[in-house]
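A short worksheet on the structure shown next.
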Amino acid sequence: MTWQASLKSVLTFGVVLILLGRVVPAQKFLPDDPILVDNDRLPIEMPAPVKLSQILDFVKSSYGWGLEKGEPIVPAENVDTLGEVPDSSWFTNRMGRRLMSLSELERGPNQLTGPDLSRTWVVVSAKSEGISKGFTIRDGHGDLYFIKFDPVTNPQMATSAEVIATKFFHAFGYHVPENYLVFISRNQLKVDSTSTTADEAGNKRRMTEKDVDDIFTQVPTRLDGTVQAIASLALSGKPLGPFEYFGTRPDDPNDIFPHQNRRELRGLRVFSAWLNHDDARAINTLNTYIEESDGGYVKHHLLDFGSCLGSGSVKPQSRRAGYEYIAELTPNLNSGLSLGWKDRAWRDIEYPDFPAVGRLESDLFEPAQWKTEYPNSAFIRMRPDDAFWATRIVLRFSDDMIRTLVGTGQFTDPRAENYLTETLIKRRDKLIQYFLSLINPLSDFRISVQSDSSHLEFKNLGVEAGLSSVSSYQFQWFRFDNGQNALEPLGELQSAGSETLPLPRDAAPFLMVRLVTLSPEQKSWEKKVEIFIRNAPAPSVVGIEREL
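Numbering (my numbering), first residue to last: 29 to 576.
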């Protein structure tokens with residue numbers, strides 16, 4: 029066994045013990061629960077870069093790779109005792125932990141002001157991957173940027189969509205590039221003597237000024253003669269290639285949770301459905317190796333959001349996008365056998381004529397039916413508790429927040445900006461209505477301590493979203509034996525009319541309350557939520573478990 033494999037075994041055992049606190053039956057909750065940070069940045073040797081075959085990824089994902097027929101879908105494995113995703117090399121809690129300000133949302137991941145426009149950019153290579161036109165440059169500060177453009181038929185569509193979506197995904201909590209909208213002219217650029225490109229046969233050759241001239245003749249020009257582009261700052265670290273949405277990486281000892289069982293990747297389905305990011309697949313991810321003094325670790329990124337918000341990067345989004353997989357047998361058979369009579373409703377959607385937006389709508393959109401280009405192994409394993417985690421974050425985006433984020437696309441047509449904003453608001457509301465109807469939507473549990481008593485306070489996200497009213501909350505308190513994982517009732521079933529419950533005056537180290545919500549319109553809200561409270565040194569919520 030190699031030292032990496034040995035370390036991975038130790039890490040697997042240790043992190044499962046620490047993060048989950050359930051492997052050792054004698055102790056459900058450990059002293060440091062709930063875990064806020066997953067220490068998956070332990071120093072390792074740099075893994076070997078990999079190049080992913082898009083065809084192989086399509087085949088693996090389309091045919092249920094790693095999910096045998098009848099195999100149960102297990103709960104997410106990387107959550108803490110509250111059901112939250114700890115900060116890690118995969119994810120950083122932002123809107124999930126606190127409301128971001130409008131200025132924070134507007135800035136997104138950007139730490140700079142964008143590439144230096146005061147000096148000439150040096151084109152160091154042609155864009156080698158993806159379908160949109162572009163190249164790689166070094167600006168006057170020596171920073172490396174990847175430059176992409178809009179299709180000539182749809183000015184602003186792909187570049188504005190990418191900058192807007194990047195800020196959304198950053199706010200959700202994912203690691204994303206710094207993407208900037210820039211307005212440049214041809215004389216801003218010169219080709220480096222060592223710059224290369226490839227001909228139609230894939231053969232490398234020296235890049236010339238004419239190659240850049242040709243690109244500028246195939247992209248839309250603004251009235252002032254400049255061209256709108258997206259400038260994506262090169263990610264820190266050494267590129268290692270994409271990550272897959274299933275399995276783990278054998279040469280990364282920190283990568284111990286199967287990707288299909290990571291909550292942030294399962295819940296990504298909710299966020300992607302909202303923005304119609306149907307291109308959420310492995311080729312649009314990137315791992316980088318972050319070097320530190322005593323070694324390094326792998327950081328995991330999402331990137332390339334040009335196929336979001338109605339944009340299909342080089343043309344308006346396909347009418348099929350979000351409604352069917354790229355190769356889906358049943359709808360095609362139904363249409364063929366019925367001689368077109370049983371056709372798909374998405375074919376007849378009438379989109380407004382906004383070239384800067386492309387194709388995005390909210391009327392036919394159904395969250396439960398939304399799909400990516402082809403099956404995503406993590407997405408198809410999303411359970412109601414994974415969806416609830418993501419929906420709780422979506423619910424925090426107010427209309428003003430959405431309007432602010434859409435405004436970063438700097439649309440010249442205010443009608444297009446308003447249409448995109450209103451469409452995202454409607455899609456948000458549909459997501460919330462659907463996913464909060466699958467589970468008891470109680471959240472934000474906290475202990476309020478007063479001079480003579482303590483109370484458990486919580487929110488009903490379904491009520492806040494206007495889904496239904498509540499008749500009452502039924503609850504029962506228990507003593508909880510953390511060593512034996514056993515319950516002892518403290519009184520009978522009770523009823524409350526508000527989101528505040530008095531804590532029993534009991535000196536047990538742990539308490540548990542079982543809560544159900546009685547609602548005239550939401551039967552699923554009767555599913556149990558169990559809240560565990562540690563009494564010492566002061567009462568605090570240490571665990572949440574939900575019935576599905």
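Where a beta carbon is used, it is the ideal one built from N, C-alpha and C, also for glycine.
- Uninterrupted beta strand (DSSP E) stretches at least 3 residues long and entirely within the stretch 328 to 352 do not occur.
- The alpha carbon of Ser264 has as its nearest neighbour, out of Gln438, Asn468, Tyr325, the alpha carbon of Tyr325.
- Per DSSP, Thr528 is one residue of the beta strand (DSSP E) stretching across 528 to 530.
- According to DSSP, Gln504 shares a beta bridge with Arg542.
- Under a 10 Å Cβ-count criterion, Thr528 is classified as exposed, with fewer than 16 other Cβ atoms of the shown protein chains found around its own Cβ.
- For Gly435, the uninterrupted alpha helix (DSSP H) run begins and ends at 427 to 435, by DSSP.
- For Arg122, the secondary structure class from DSSP, reduced to helix, strand or coil, is coil.
- Contact between Leu140 and Leu261 holds: CB atoms are separated by about 7 Å, below the 8 Å threshold.
- Under the DSSP definition of a beta bridge, Ser523 partners with Gln502.
- In the DSSP annotation of this structure, the continuous segment of the alpha helix (DSSP H) that includes Trp417 starts and ends at 412 to 422.
- The Cβ-Cβ distance between Asn468 and Thr545 falls below 8 Å.
- Taken through DSSP and simplified to helix, strand or coil, His305 comes out as coil.
- Per DSSP, Asp376 is not a residue of any alpha helix (DSSP H), being assigned neither H nor E.
- Residue pairing by DSSP puts Trp149 in a beta bridge opposite Leu217.
- Relative to Phe506, the option among His483, Asp534, Gly494 whose CA is nearest is Asp534.
- Rounded to whole angstroms, His169 and Val210 show a C-alpha spacing of 16 Å.
- Here the alpha carbon of Phe200 sits roughly 7 Å from the alpha carbon of Asn121.
- Counting along the chain, Ser188 sits inside the alpha helix (DSSP H) bounded by residues 185 to 200.
- Beta-bridge pairing by DSSP links Gly494 to no other residue.
- DSSP places His483 within a strand segment (E or B) once states are collapsed to three.
- Proximity of the stretch 246 to 257 to the stretch 174 to 192 meets the contact definition, three or more beta-carbon pairs being nearer than 8 Å.
- Secondary structure in the stretch 264 to 299: the beta strand (DSSP E) runs of 3 residues or longer, each lying completely within the stretch, are 266 to 269 in chain order.
- For Ser405, DSSP assigns no beta-bridge partner whatsoever.
- Close CB contacts of Ala301 within its chain, under the 6 Å cut and outside five residues either way in sequence, are with Pro395, Trp398 (chain order).
- For the pair of segments examined, the stretch 439 to 455 was found to touch the stretch 375 to 391: the number of CB pairs separated by less than 8 Å reaches three.
- By the Cβ neighbour-count rule, Leu84 is exposed, with fewer than 16 other Cβ atoms within 10 Å of its own.
- Within the same chain, Tyr402 come within 6 Å of Phe86 by CB-CB distance, once the 5 residues on both sides are set aside.
- Residue state for Lys161 is assigned as coil, using DSSP reduced to three classes.
- Judged by pairs of C-beta atoms under 8 Å, the stretch 283 to 294 touches the stretch 105 to 117, as three or more such pairs exist.
- Pro267 is positioned such that its CB atom lies closer than 8 Å to that of Pro77.
- Less than 8 Å divides the Cβ of Thr194 from the Cβ of Asn207.
- Looking from the CA of Gln550, the closest CA among Ser500, Ala524, Val541, Leu531 belongs to Ser500.
- In the displayed model, Asn106 falls within coil according to three-state DSSP, outside both helix and strand.
- Relative to Gly437, the option among Pro143, Met185, Lys79, Glu99 whose CA is nearest is Met185.
- The secondary-structure analysis by DSSP pairs Tyr325 across a beta bridge with Ile318.
- Where Asp472 is concerned, the enclosing beta strand (DSSP E) starts and stops at 470 to 477.
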